[in-house]
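A quick write-up on the structure given underneath.
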Amino acid sequence: MLFVLVLLLLVLGLPIAVALGLSSVLFLLLFSTDSLASIALKLFQAQQHYTLLAIPYFILSSAFLSTGGVAQRIIRFSIAVVGSFRGGLAMAGVFACMMFAALSGSSPATVVAIGSIVIGGMRQAGYSRDFAAGVICNAGTLGILIPPSIVMVVYAAATDVSVGRMFIAGVVPGIIAGLMLMTGIYIAARVKKLPRQPWPGFREIFNASLDAAWGLFLIVIILGGIYGGIFTPTEAAAVAAVYAFVIALFVYRDMGPLKGVPWLKDGEGLGGAAARNTYRMALAFVPAFFHHDTQKTMVEAGKVTLMLMFIIANALLFAHVLTTERVPQTITEAFLSAGLEPWSFLIVVNLLLLLGGQFMEPSGLLLIVAPVVFPIAIALGVDPIHLGIVMVVNMEIGMITPPVGLNLFVTAGITGMSVMQVVRAALPWLGILFLLLILITYVPALSTWLPYSLMGPERVG
Amino acid sequence: MLSRIVNRLEEGLIALLLGGMAMITFCQVVARYLFNSGAVWALELTTYLFAWLVLIGASYGVKISAHLGVDAFVKLFPARHQRYLILLAALLCCVYAAIMLYGAWDYWSKILRFGIDTEDLYVPRFILEALGGPDYVHEPVGIERWVPYLALPIGMALLLFRFVQATVRIALGKSDHLIAGHEAEDAVAEAQASATFEPNAVKGRD
């Protein structure tokens, strides 16, 4: 009944957050003795959740990375590495998406950062618009599978598994997904006789990797920091945000007060350059925080944060209603008495998420589905980390299927195509993601081997 | 003119809260490793800033129609009926905000009456000294919980205001959408305009 109400409100065109919140509130008013005060408090408490605090920081760091020229350097590096294969520019796009995914935790951000540069380049090189948009729209979904990932943070918060293990668990499936997409492109390129880029030589690969190294070092900070126990995932995210800010404004200087100031002028000695750079950076240190570009990036990140967190806060309210009504327990008992096997249970989970993913934003959907599905999975002996990765891959597919597919909207935005055109362009590559989903669902070791051999098994209380 | 000031205020507040949160957490990490210390109030303050960002920001999200929703089904109807459906959706949003405002007020007025302190937040020493003179000897004064929780009634009141505003605009035919559907991707178009494909343009430093 509750679910029907939410669906009805969603179809009517209410914002997702309000649809979730309003149906929970109405339900509680009609069928429960909870006071309105305690309901309002729930909205506030969503922000008191330590794990969820990582979300704004990851959003902030992606914002600085995508506006700050890091994406451009990653793309140059990927073209140098894989560009000389047939269909190389498309493969480079996938490779760049993988690397950007390892820096940022969101799929739409990955599509914007990489797609807005690569799609134009692919069209100049003679690829069709549909091919370019379809590839990037799909590769962008890797943003939530390759760590860090906002969706994984949300899953961890909903089920109390460790964020660190979830992150490490995404590495192998993420790389497999990237390789599968690249293989698909290579085959398509063979058939369609798509162009290749000239071999740039090892010197260019080396130089490009040096240039991109500042940005890519962030991967080491995030994963190394969490795995090495130096900081919590939330702290890692905050450090990443500050690091991204410093890289964008002081190292790459593609935005902010030092924009256009070179590191080394022609004919300048090393000592002179060092002195001049130190002086300029000291002078720009305080203005950098208040510069127009910085503010604009912060507001952009703030918008995404509040939109996402408002959905999450209301989804938590909804999950609260579900638990007070003992819905998860009822469903669990029904499932267990039906004598379901783990593999058939996973099919049900996949269908549920694929269906739900059509209407909901990933984080919100996860928060609703996880409390229901998680206890059943544990009772059936499904690994909690494995379940998490299966859910994340489902969310990826949800992002490129209409009507609510964030990646579709974003791709439509950067290419000037209509959403329906993007849907059609993305469709052939969707098959690869489905293949990935089946693979991940039935080979649990792909998700669990790396985190468990590095950090030991996950225990569920 | 007024709308521009309000806009600056809203955006400035969002940037300040987000930046403040990130800086506090970052400084905590640095303090722990460099000076082997940290401030007890940092975590609690960060979560309160976060709550302010989201609860106060939600109304800004309504203003710029940043909230996500599904408009595919409404779009199936002929334009005349579409308007009524969107109007109904907007009215339901007002109902939501009104209920939440009532609940928020109820909760907030309660904690104001009971006077519960926050866990680790105290009035900074320099403010007490400024108020009581330089040789003011003081007990630490705790900040009461109603201060950070002000975000609830204020945020929900602003949310209600923005939803009512949106409803009126839709009723008058000045606006035809409530949510971020397909048309709200201007920001992306901007990003595209500024980023062009020049793989060689970034070679500057070698």
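Here the protein sequences line up with chains X and U, keeping their order.
Counting along the first sequence from 1, when you hit position 429 you're at 429 in the working numbering, and nothing is skipped either side.
Remember, the working numbering sits 461 above the position in the second sequence when you count from 1.
Just so it is clear, CB atoms sit at the ideal spot from N, CA and C, and this is done for glycine as well.
query: Burial state of U:Q489 (16 or more Cβ within 10 Å); result: buried
query: Proximal chain X residues relative to U:Y545, where beta-carbon distance stays under 8 Å; result: What U:Y545 touches in chain X: nothing, since even the nearest Cβ is about 11 Å away.
query: For X:T141, the three-state DSSP class (helix, strand or coil); result: coil
query: Proximity test, Cβ basis, 7 Å: U:L573 and chain X; result: no
query: Min CB distance X:A241 to chain U below 7 Å; result: yes
query: DSSP-derived helix/strand/coil call for U:H643; result: Bear in mind that a pLDDT of 45 at U:H643, under 50, signals an unreliable position, so the number given afterwards is only what the model happens to contain. It is coil, neither helix nor strand.
query: Three CB pairs or more closer than 8 Å across the segment 58 to 78 of chain X and the segment 495 to 506 of chain U; result: no
query: Simplified DSSP assignment, three categories, for U:R666; result: With a pLDDT of 34 at U:R666, under the threshold of 50, the predicted position of this residue should be treated as unreliable, though the coordinate-derived value follows. Helix, per DSSP.
query: Beta carbon proximity, X:M166 to chain U, threshold 7 Å; result: no
query: Backbone CA spacing between X:S337 and X:V382 [nearest angstrom]; result: 17 Å
query: Nonlocal neighbours in the same chain, by C-beta distance under 8 Å from U:L470, ignoring five residues either side; result: none
query: Unbroken beta strand (DSSP E) run spanning U:Y583, endpoints; result: D578 to Y583
query: Burial state of X:A282, where buried means 16 or more other Cβ atoms lie within 10 Å; result: exposed
query: Contact between the segment 417 to 426 of chain X and the segment 189 to 197 of chain X (3+ Cβ pairs under 8 Å); result: no
query: Where U:R623 falls, given that 16 or more other Cβ within 10 Å makes a residue buried; result: buried
query: Residue nearest to U:V629 in terms of C-alpha spacing, selected from U:S464, U:V515 and U:R544; result: U:R544
query: Opening and closing residue of the beta strand (DSSP E) in which U:E605 lies; result: G603 to E605
query: Top-ranked residue by Cα proximity to X:A156, from X:G271, X:G229, X:S363 and X:L270; result: X:S363
query: Which of helix, strand or coil DSSP assigns to U:G530; result: strand
query: Start and end residues, alpha helix (DSSP H) containing X:T401; result: Unbroken run through X:T401: none, as it is neither H nor E.
query: U:H528 at chain X interface by Cβ criterion, 7 Å; result: yes
query: Neighbour flag for X:Y57 against chain U, beta carbons, 7 Å; result: yes
query: Reduced DSSP secondary structure (H/G/I, E/B, other) of X:P147; result: coil
query: For X:S447, three-class secondary structure by DSSP; result: helix
query: 7 Å Cβ cut-off: residues of chain U touching X:I438; result: None at all; the shortest Cβ gap to chain U is about 28 Å.
query: Residue-chain proximity (X:L36, chain U), Cβ-Cβ < 7 Å; result: yes
query: X:P15 - DSSP class collapsed to helix/strand/coil; result: strand
query: Nearest to X:F3 (by Cα), restricted to the options X:V321, X:T33 and X:G228; result: X:V321
query: Segment contact flag, the segment 608 to 625 of chain U with the segment 40 to 47 of chain X, C-beta cutoff 8 Å, min 3 pairs; result: yes
query: Rounded separation between X:P15 and X:A445 - CA only; result: 38 Å
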